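S.K.: Can you keep this structure in mind? I'll have questions shortly.
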Amino acid sequence: MTTRNALAGVAVGNLASAISWYAKLLGRQPDLRPMTDVAEWEFSDGGWIQVFRDSGRAGTSSVTLVETDVEVRIADLKAKGIEIKQASNTDSVAVAIVVDPDGNQIVFAQGKGPAHRAVA
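Here my numbering is used: the first residue of the sequence shown is 6, the next is one more, and so on.
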């Protein structure tokens, strides 16, 4: 048995508002709406982010998205008017962190060096 992929879940209070924000963040509308309270975006190299209504857990999620170029992502976020809460760049990783309207953390990360080239 082998795990082939991952689906990252983000709990939100207001799904319509969250879909609008994540569409802006990701540059497109959801790829799927498999259920009334769920929206999903698929990434080209695998993996999904699933935004779902769950008021009790809204704002407690943290998702890391692997980027090919965090500096390009930072420029994109700024152009979209999305506030960057934190950014760092070390010898091993570059990171930009944003927070959605519910308080969920979205981390954009770019690994550096030979160990990270296979996954980035």
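A virtual CB, placed ideally from N, CA and C, is assigned to each residue, including glycine.
If you're wondering where the values come from, they're calculated on a predicted model, not measured in any experiment.
Starting from ALA13, trace the beta strand (DSSP E) both ways and give me its first and last residue.
M.R.: Run containing ALA13: 12-17, per the beta strand (DSSP E) assignment.
S.K.: With which residues is ASN94 paired in a DSSP beta bridge?
M.R.: DSSP, once it has assigned bridges, lists ALA99 as partnering ASN94.
S.K.: Give the DSSP-derived three-state secondary structure of ALA63 in the structure shown.
M.R.: Reduced to three states, the DSSP call for ALA63 is coil.
S.K.: May I ask which residues mark the beginning and end of the beta strand (DSSP E) holding ILE54?
M.R.: Taken as a continuous stretch (DSSP letters only), the beta strand (DSSP E) holding ILE54 covers 53-58.
S.K.: Name the two residues that bound the continuous beta strand (DSSP E) containing ILE111.
M.R.: From DSSP, the beta strand (DSSP E) with ILE111 extends over 110-116.
S.K.: Helix, strand or coil, according to DSSP, for GLU76 in the structure here?
M.R.: Note: GLU76 maps to helix in three-state DSSP.
S.K.: Thinking C-alpha only, which one of ALA63, LYS85, SER93 is nearest TRP26?
M.R.: Minimum Cα distance to TRP26 is reached at LYS85.
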